[in-house]
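Structure first, then comments.
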Amino acid sequence: MTSVSAAAASTSDVSTSAVSTVTVPAGDGQTFQAYVSRPAHPNGRAIVILQEIFGVTHAIREVADQYADEGYLALAPDLFWRIRPGIELSHSKEDIALAFDALKQFDESLAVQDIALVVEHVRDELGADAPVAVLGMCLGGKLAYLCAARIDVDAAVSFYGVGIEKNLDEADKVSCPLLLHIGARDNYIDAMAREQIAHTLATRPGVDLHVYEQAGHGFYTREASTSRETAHARTTAFLDASLGSRP
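According to the numbering used here, the stretch in the sequence shown is residues 2 to 248, in order.
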């Protein structure tokens, strides 16, 4: 299997970024951590990468690093911190069971509030007018959609967001450009769910939806593929159009 980092190298001019973690205040004296990848050549924009159900894994950090290599200040917050800080799971049978157990305890609304705090942290650093996007996969893909409807972000990108069809009553609240990528072979988003999402969202101004006939779940983080390359190119163009072209 080809890693995402190999795919990233083929789609961008890779430069060295600096990585670290940052502590984000959550109120009531509580804090949570976010992985930070800082660009060598900043473009003045930021992107918040939203995790899958496995936590802020190596694959999620690679996505953040890829966008940092493209000029973004990229952060990947630990959204499972209220369950247990630092959850990082593999795709083994045992870890998949742990991931779904964590998901049962997960509060989406609190997570969206946490993401808003990360966005606020970014704007404290870059300036109040700094353009900030959110981009998520799987669980993070649904959270990206919810962010577009609930908080102040400048753009949102959803990769195979599981469960979006359950929150389509919030579609009228989407207040920023929204890009959705879904694989036609995704076992977690069936044809009926895809149709519901498309029927509600695809014709709305500022919303773009793409279905990839050869792609299954996880295609953006698990291997290099034509679907990933196409989706990344579309995402880059979307972010340029939504946040402003690169200098």
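Ideal Cβ placement from N, Cα and C applies to all residues, glycine included.
The alpha helix (DSSP H) that contains residue i, what's its start and end?
| i | result |
| --- | --- |
| Phe239 | 227–244 |
| Asp106 | A small correction: the amino acid at residue 106 is Gln; Asp does not occupy that position in the sequence shown. Residues 94–106. |
| Leu140 | 140–151 |
With distance defined between alpha-carbon atoms, name the residue in the options nearest to residue i.
| i | options | result |
| --- | --- | --- |
| Val20 | Ile54, Gln67, Pro132 | Gln67 |
| Ala35 | Asp108, Ala117, Ser110 | Ala117 |
| Ala225 | Glu89, Ala60, Phe33 | Ala60 |
| Ala216 | Thr222, Ala185, Leu202 | Ala185 |
| Lys174 | Ile165, His182, Ala77, Ala149 | Ala149 |
| Thr22 | Ile54, Ala75, Leu181, Glu53 | Ala75 |
| His211 | Arg223, Asn188, Phe239 | Phe239 |
| Ser159 | Phe220, Glu126, Asp96, Ser93 | Phe220 |
| Asn168 | Asp125, Gly137, Ser110 | Ser110 |
| Gly137 | Glu126, Asp79, Leu244, Gly162 | Gly162 |
| Arg124 | Asp155, Gln106, Ala100 | Asp155 |
| Asp170 | Leu244, Ala69, Ala27, Leu202 | Leu202 |
| His122 | Thr231, Ala27, Pro206 | Ala27 |
| Lys143 | Glu126, Asp108, Pro40 | Asp108 |
| Gln106 | Arg83, His218, Arg205, Gln52 | Arg83 |
| Tyr189 | Ile54, Asp153, Ile50, Ile152 | Ile54 |
| Glu230 | Ala77, Ala157, Tyr213 | Tyr213 |
| Ala41 | Glu71, Phe101, Met193, Asp209 | Glu71 |
| Leu80 | Asp191, Thr237, Tyr73, Ala100 | Ala100 |
| Leu147 | Thr236, Leu180, Lys94 | Leu180 |
| His182 | Val119, Met193, His218 | His218 |
| Leu140 | Gly128, Leu127, Ala112 | Ala112 |
| Asp209 | Ala194, Asp191, Ala232 | Ala232 |
| Gly56 | Pro78, Gln114, Ser38 | Pro78 |
| Gly164 | Ala192, Ser38, Pro178 | Ala192 |
| Gly1 | Ser243, His200, Thr236 | Past the edges of the chain, shown from 2 to 248, lies residue 1, and the structure says nothing about it. |
Does DSSP put residue i in a helix, in a strand, or in coil?
| i | result |
| --- | --- |
| Ser4 | In this prediction, Ser4 scores a pLDDT of 41, lower than 50, which makes its location untrustworthy; no coordinate-derived value is stated. |
| Arg124 | helix |
| Tyr161 | coil |
| Glu196 | helix |
| Gly72 | coil |
| Val88 | For clarity, residue 88 is Ile in the given sequence; the question names Val instead. Reduced to three states, the DSSP call for Ile88 is coil. |
| Ile48 | strand |
If I follow the unbroken beta strand (DSSP E) through residue i, where does it start and stop?
| i | result |
| --- | --- |
| Thr24 | 19–28 |
| Gly184 | 179–184 |
| His211 | 208–213 |
Taking the DSSP output, what are the residues bridged to residue i?
| i | result |
| --- | --- |
| Ala218 | The amino acid occupying residue 218 in the given sequence is His; Ala does not appear at that position. Partner(s): none; His218 has no beta bridge. |
| Pro78 | Ala35 |
| Leu136 | Ile50, Val158 |
Shorter than 8 angstroms, the distance from the beta carbon of residue i to the closest heavy atom of the ligand NAD, or not?
| i | result |
| --- | --- |
| Val133 | In terms of ligand content, the structure shown is empty, and the ligand NAD therefore cannot be addressed. |
Check: On the three-pair Cβ rule with 8 angstroms, is the stretch 35–47 touching the stretch 126–138?
Finding: Three or more beta-carbon pairs separated by less than 8 angstroms link the stretch 35–47 to the stretch 126–138, which places the two stretches in contact.
Does the stretch 82–101 touch the stretch 163–174, meaning 3 or more C-beta pairs lie closer than 8 angstroms?
Contact fails: fewer than three Cβ-Cβ distances are below 8 angstroms.
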